[in-house]
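Scroll down for the structure; my scribbles are underneath it.
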Amino acid sequence: MSVPLRSVCLCALLVGAWFTAVLARAKVPPVSLGLWTEVPLQGSFNTGTAALVEEKVFSFQEGEDVFSKEPNQALQSQMMQETWPSCLLASFRLKTRSQIIVLCFAEIFVPPNGGDAFWLSSRTLAVVVHGGKDSTIYAYDTSVEPDVLAFELDLIESIDGTADFDDVLISAHWPKLRVLRLRGVNCRVGPLVQFLAAHSGIEELALAQMMPGHAWTQLERDLPGDALPNLRHLECSSAQAAALLKYPRPKLHTLLGVEVHDTIVDSQYFSWDEAWEDEEHEDYDENAVTESPWKATFLDRLKAQQSIRRLGISTLDSLHELEVLSTVVPQITELHIDEWDFQATESEWHRVYSLFPSLEVLGGSRLIWFDPYADELEASAAEKVDNQIQALAKACKNLRVVILGPHAKKAIIIRDTDPAICGVKWVVRNWMESEEGKVHVGEKVYESSPMSVPLRSVCLCALLVGAWFTAVLARAKVPLVSLGFWTEVSLQESFNTGSATLVEEKFPRRQRRILSEEPGKRIDLLSWIDLTRPSIYIIRLSWVDQALQSQMMQETWLSCLLASFRLKNRKAQGKTIQIPLQNGGEAFWLSSRTLAVVVHGGKDSIIYAYDISVEPDVTLSYAPPISVGSLPTKTAANFRYNAATGNLVFSAYVYSDGNLSTVTRQDEQWARRGNTAMVFDRTYVRHWDQWEGPKDQQLFVAQLQQQENGSWSLSGDIKSPLQGTKHYTPLRPFGGLDNFDASDTHIVYTTTDPHHLNAWDNKYSVFLVPIDGEGGPVELTSGKQSVTENPIFNYQGTKAAWLEQDAEGRHAERTKIVIYDIEKKVRFRVASHWDRSPASIAFSKNDQFLYLTAGDEAKTKVFVLPVPPTPRHSSVDSDFGPRYSKPVAITHKGAASGIQVLSGERIAFTQSSFTSPNDVFIARGLDVFQEVLLGSDDASGTNVVVEKVTNFTEADLAAKELDKGEEFWFRGARNKRVQGWKFRPKGIEKGDKKKWPVVLIVHGGPASAWEDQWSTRWNPNVFAQQGYFVIMINPTGSTTFGQDFTDAINGDWGGKPFVDLIQGWKHVLRTHPEIDADRAVAAGASWGGYAMNWIQGHPEFGFGFKVFDAAYLGYTTDELSLFKHEWGVPWDPEGRKRANKNSPSLFVHKWSTPELLIHGSKDYRVPETESVGPFHALQQLGVPSRLVVFPDENHWVLKQGNSLAWHYEVFRWFDQFVGKV
C-alpha cells in the first residue's frame, strides 16, 4: 500500500461516483472474493452464476458440521443476470441465525427472455415474462426444508487445490439430497465415491469438466453396485459414464455431455490431474492423439441401458458417430447435439436423423437459429426455417419439437391427420411453454401452402423485392423467393427492411416517388439497393483464355453469399457459373480447373474443392465440392496459393504467443473470464468499428498438393514464420491481400512497427521472411518512412516493391514507389517527384515495367512505368532520366483498381464509373506500348486497346438514362483552378427557368475527392433521378490534384475550402438558369458533415440553403494522427488556437437552417456524440432538426435495409422543406 489513498480513490471516482453512491444507499452487502479457499484472486473474475458468488463467500470453522444446522424460516431471494446463457437465475438461500451458512436452496431458471420477480406469499414467488403483446405471470411454489434438496457448485478454474472440497464431500450428510451438480470442482475420486454411495436419493447428477480422463477406471472400481439406485438424469463425460453405467440404472432417462470419438488428445486424459500437472513431463504433448480407452466400454454399457430416452452429445467428429449411436440407443426420443467440427449437407443430416425411429425432440446449438429476443420470424427467415423444419419432419416421422437455437425458442410441429396434406404446420414457443401439438390462441402459424397459387403471384412478389434481383435469379435458375404471399399473411405494422414489400407499404403515399416512378426508366430505390455490387475479380489463366471473375454479393433475404464466376474466351463468350455458398466462404484458385472455397466452422476452416469443366456444347458446370482438409482455426483468410511449391499462405487471428493450436483454448478462457471489462495501457483502444481485443492477425503457411490421382492433400504441419516477432499483418481495419505477397521462398509484408505502437503517429515497416520459417524477418524499409502498403514481388522473386509515405502522422502525404533489389540489397525510389499518389502496383511478366493505379484529376487511371536498373547504392531521390520519372496513363476515365497481369502482354483490371458498378476490362497491345516507352521519353501518342469484357449490370441500368456527369473548372482560393462535377436532373429541358431544385454534396476526408466512380452511398445519379440538379465540388484539400492542393487545407478547414465552394456554387448558378436557387439543399458526410455545420454558422456565405443533411462531424477519433496533423495536441496553445478558429461550435448561435443528422453507433472514426451534440443545440435553438441513428453501422451505412432507410430519410427531409419536385 505504498500508493497514496487519494490515487486509489481517484481511480474509483473515475469508474463512477454515481454507481458507488447508489450501492451505498441501497446497502448492498460487500462481496468477498476468495475467503472460502483463502487463495489469491484469480486472473478472471467470474460473476457468471449466483451459486458461484455465494459459495465464494462461504466460510466455516474446522470440524463444524454447518450443513446440518437448523435454518430459520427466512427465505431470501437474489436476482442475478447470467451473462453467458442470457437467462435470469433466481437463487434462493437459507441463512442460519449465526450468519455462518449461505446455501443454494433452489434454483429457478426463468425463460431466456428474462423476467421480473416478486413475492406473492411467504412461499410463492411470481416471475413476470414479457411476450410479444402481453406479460405472463408464472407462480413458483417453494418449500423450506431442514435439509438440502439440491446443491450446485460451478467453480471452473476458480479453486486452486482439492483439500477443502474433499473435506466437504467427506463430512456432508444431506439425506434428502436429490440434485447434485458439480462443474469444474477439483476433487479426488475417493471422497466423491464415498459421497455418492452415502446419498442414495440422488436423482440428478452432473459432473462436468472435473477429474482427469484416466480417473474413470478408479471410479469404476470403487463405486459400489448399489450406489445411485434412483439416478434418472446424468450429465458427465463419456469416460465417467463408462464407469457409472457399470451397473444397470433402470430409472436412468437422460444422459448428457457424452461423445463417441475414436481418438482423444492427451490433454483430455490428464487435465484436472493436479498431482500429474505438478510434475515435469518434458515429452508431454497435449495435442498428441491416442485411441480412446473408454469408447468401447461406454458403448457396450450404454446399449444395456434401455431406459434412456434423452441423449445429449457434446461434440461430433463425423456423422458416422451418430450412425453408431443409432445402433446403440435406437429407442431415444430426444436428441441434442452441441457442437460438430465437420461439414455435411442437410440431406445427409436428415438421413442420419431418420435412423432414430422414435425421435420426437431434436435440438442443437447450431441446428436452427432463432433470435431469443424475437417474438416471431420475419418472412424471409421464416421461409428458410420452414424449409428446414419441413425436411426434418419428413425425415423423422414422429418429430414434434425442434429447438431453435441454444435454449431459446422451440418449434412445435403440428401434423395434419389428412395424409393428402403435404408438409406440416408449426408454431414458436418459449423454452418453458407447453409442447402440446395444438395451436394456442394468438399464436402465429407457419406453414408451406400447397402450390396452388398462380405463378404470376410468385413473380409479382419477387418483382416487389427488386426487378433486378429477380432477373439475376431467373438467369441463374435459382427458385424464386416468396415473402409472405403464399400464405397470404397480412403486412405487419413494424418497419421491416428485411422485405422490400413491407418497406414500400410504410412510406407516405405522397412520397412514393422516392421508391418507384416511371418503372424501367427511373432509378427506384428498391431496385437500386438490390443492384449487384461486383468486387475485385480473381483470375486464373492457362485453361481459359482470358479471365475468371469472382463476385461476392450479400443476399439479405437468403442470408447467404452467392459467388458468381464468369469465364470468357473464344469458345465460351459470356458464360457464367453461379455457385451458391450457403455457409459463405472465401475463394481462391488451386489450379486452372479447380476453385477452392474456405468455409469457417466452429473451431476450424474447411477447404472445399470445386472442379469446373467446359462441356462440348460450351456450357459450364462444376462438380459437387470435395473436402480437401481443414485448417485449425476458424479465422483463416487472405489466401495466396502457389501451385508450383504447394505453399498456401493465409492469415489467422492468434494471441500473443502466435500459436494456432492454443487459440481455441484461449478463446474459451477469454469467454469464461466472467466479465466484459477491457483494459488498455496503450492506443489503439478501438479502430474503425471494433474495440481492440487480445488477438491480431499473423501469417501461416500450409502445404496443399495435388496427388497423381487428382485428389488434394493438405498437410497438418503448419509453419508460423512470424511467431515470436510481434509482427502482425494484415493490418486492421482494412488490410488484406494488399498487405503481403509470397514468392517461392519468401514472404514480403507490411506491419506496424512493434516499437512504435500508438494512434497518433502511424508507422508501418516492410519485412522479408523465409516462407518456411527457418530464419527471422529482415527489414527492407529505411526506418524513416511512415505508412507502407501493397508490398509485392517481381515474377523472378529477385525484387520487392511497395508504396510508402514519408512524414509520420500525415493523413494525406504523397505516396512514393520503392523498389528493393533483394540480391544486391539496394533500395531506391522511382518517379519520386511525380505529383500523384499511386494506390496499387504490379510488375509486368518480364519484370521490366510497373503497372499502377493512381488518382489524377478526379479519375483513377492505370499507368505504366519502366523499371530502371538497380543503382549502386540505396537512394530516395535517384535521377534515372525522363522515361523513369513520370508514369504514362493508358486509361483516362472512370476508377480503376485491382490490376492483374495476364499473358500475351495484357493486363486486366476492374473499373467503375458514375454510370456503372465494377466490370472487368482488359488492356491489349502493351508490347508495342512498352517498346515505345523504352525507346522514347514520350509514349503518349501510342494507342493501347482497352476492352470491356463483362457487363454485370448493363441490362439493369440500360434504360435508366444515367448522367455520366460533366466536369467544370473555375478559379477558387489562391486563384487555383478547382474542379467539380454537375449532373442534370432527369427530364430537364433546354429553356427551363428556375424549375429544378439544387443540391450541393460535399465529400468527406477532407483528403478525398469526388471521382468518376460508382457508389452505393453518395451516388449523384440517385439525387438527379429524384429531380435535383446535383453539384459536387472538389475544393482545397481534395486529393488527385497534386500535393500542394491537398496540403493547402491544413489548419484552415474553415477557410480556403469554402472560398472554393462559394465560387463553384456561383459559377454553376450563373451558367444554369434552370436551377431554382430558392430551393437549395446541401448534404455532406464526415468532413462534409463538418462543412454543413460550418456553413450553418456563416450565413454571410450566401448559399441560401433551406435544409442541411449533416451525416458526421467531429474530432474524437480512433485515428488520432488525423487530427494531430491538423491541429496538434489539444493542450498545445497554438493547436488549440487553430482548432477554435475552425470550430463550428463557436458559431452555434447563428444556426437557423433545418438540419438532418445521420450517424452510425459503431462509427469510431467520428463518434456518434458528434451528431447528438449538434442535434441537442438545434433543438434548444428551436431549429427544425432530426437525428437518425443506425446502431449497427459504422462510418458508412452499408447494409441494404439501412441504406434504403438512409435514402428515404434524406429525400423526405428534402421534400419537407424544398417541396415536391
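When the letters of the sequence shown are read in order and numbered with mature numbering (1 follows the signal peptide of the UniProt record, and there is no 0), they come out as residues -24 to -1, 1 to 1197. The beta-carbon is built from N, C-alpha and C at its ideal position, and this holds for glycine as well. None of these values were measured; they are calculated from a predicted model.
Under 8 Å between C-beta atoms of residue i and residue j
{"i": "L168", "j": "L153", "result": "no"}
{"i": "E987", "j": "T1016", "result": "yes"}
{"i": "F890", "j": "P996", "result": "yes"}
{"i": "I768", "j": "I747", "result": "no"}
{"i": "P1109", "j": "W1070", "result": "no"}
{"i": "F716", "j": "T705", "result": "yes"}
{"i": "S581", "j": "G634", "result": "no"}
{"i": "L335", "j": "I308", "result": "yes"}
{"i": "R947", "j": "V1173", "result": "no"}
{"i": "W810", "j": "K869", "result": "no"}
{"i": "E668", "j": "T726", "result": "no"}
{"i": "residue 1257", "j": "W688", "result": "What the structure shows of the chain is the stretch from -24 to 1197, and residue 1257 is not part of that stretch, so it cannot be assessed."}
{"i": "residue 1199", "j": "R225", "result": "Here the chain comprises residues numbered -24 to 1197, so residue 1199 is not present and cannot be evaluated."}
{"i": "E324", "j": "T291", "result": "no"}
Start-to-end residues for the beta strand (DSSP E) that takes in residue i
{"i": "N623", "result": "N623 to V630"}
{"i": "residue 1230", "result": "In the structure as shown, the chain starts at -24 and stops at 1197, and residue 1230 therefore has no counterpart that could be examined."}
{"i": "F1077", "result": "Here F1077 belongs to no beta strand (DSSP E), and DSSP marks it neither H nor E."}
{"i": "K271", "result": "Run containing K271: none in the beta strand (DSSP E); it sits in the alpha helix (DSSP H), K271 to A280."}
{"i": "K924", "result": "V921 to K924"}
{"i": "S214", "result": "Segment S214 to L220 is the alpha helix (DSSP H) holding S214; no beta strand (DSSP E) there."}
{"i": "A182", "result": "E180 to A184"}
Whole-number beta carbon distance between residue j and residue i, since they are thought to touch under 8 Å
{"i": "F804", "j": "S758", "result": "Wrong, their Cβ atoms sit about 11 Å apart, outside the cutoff."}
{"i": "G561", "j": "K610", "result": "About 13 Å; that fails the 8 Å criterion."}
{"i": "R1114", "j": "G1027", "result": "5 Å"}
{"i": "G980", "j": "S888", "result": "In fact, because the Cβ distance is near 19 Å, the residues do not count as touching under 8 Å."}
{"i": "W972", "j": "P893", "result": "Going by Cβ atoms, the distance from W972 to P893 rounds to 27 Å, so no, they are not a contact pair."}
{"i": "K702", "j": "P730", "result": "4 Å"}
{"i": "T886", "j": "A865", "result": "The Cβ separation is near 17 Å, so there is no contact."}
{"i": "L636", "j": "P608", "result": "5 Å"}
Element boundaries [alpha helix (DSSP H), containing residue i]
{"i": "Y1004", "result": "Here Y1004 belongs to no alpha helix (DSSP H), and DSSP marks it neither H nor E."}
{"i": "D1052", "result": "Careful: D1052 lies outside any alpha helix (DSSP H), inside the beta strand (DSSP E) at I1051 to G1060."}
{"i": "A931", "result": "E930 to L933"}
{"i": "A1153", "result": "T1145 to L1157"}
{"i": "I1038", "result": "K1032 to T1047"}
Of the residues the options, the one placed nearest residue i, counting alpha carbons only
{"i": "W95", "options": "A985, G107 and Y114", "result": "Y114"}
{"i": "E755", "options": "Y660, S991, Q772 and W778", "result": "W778"}
{"i": "G1158", "options": "G1177, E1169, S1179 and H1125", "result": "H1125"}
{"i": "G880", "options": "L675, S762, D903 and E235", "result": "D903"}
{"i": "E943", "options": "V1006, S330, V877 and K952", "result": "V1006"}
{"i": "L232", "options": "R286, L220, W688 and K222", "result": "R286"}
{"i": "G1195", "options": "V1165, V1057, R1162 and F1034", "result": "V1057"}
{"i": "M1068", "options": "R1055, K1032, L1133 and N1010", "result": "L1133"}
{"i": "V574", "options": "Q955, A865, S627 and E1131", "result": "S627"}
{"i": "V1148", "options": "E799, A218, H1135 and Y1140", "result": "H1135"}
{"i": "S283", "options": "V305, L275 and I289", "result": "V305"}
{"i": "D1054", "options": "I1038, A1000 and V975", "result": "V975"}
Residue(s) in a DSSP beta bridge with residue i
{"i": "P126", "result": "The identity of residue 126 in the sequence shown is Ala, whereas the question assumes Pro. According to DSSP, which records beta bridges pairwise, A126 is partnered with V155."}
{"i": "K837", "result": "A830"}
{"i": "H576", "result": "S581"}
{"i": "N406", "result": "K385"}
{"i": "F332", "result": "Its beta-bridge partners do not exist; DSSP assigns none."}
{"i": "K792", "result": "E780"}
{"i": "R662", "result": "W667"}
{"i": "G288", "result": "H312"}
{"i": "I1134", "result": "V1164"}
{"i": "S873", "result": "T886"}
CB contact check: residue i to chain C, cutoff 8 Å
{"i": "L566", "result": "Included in the structure is just one protein chain, with no chain C present."}
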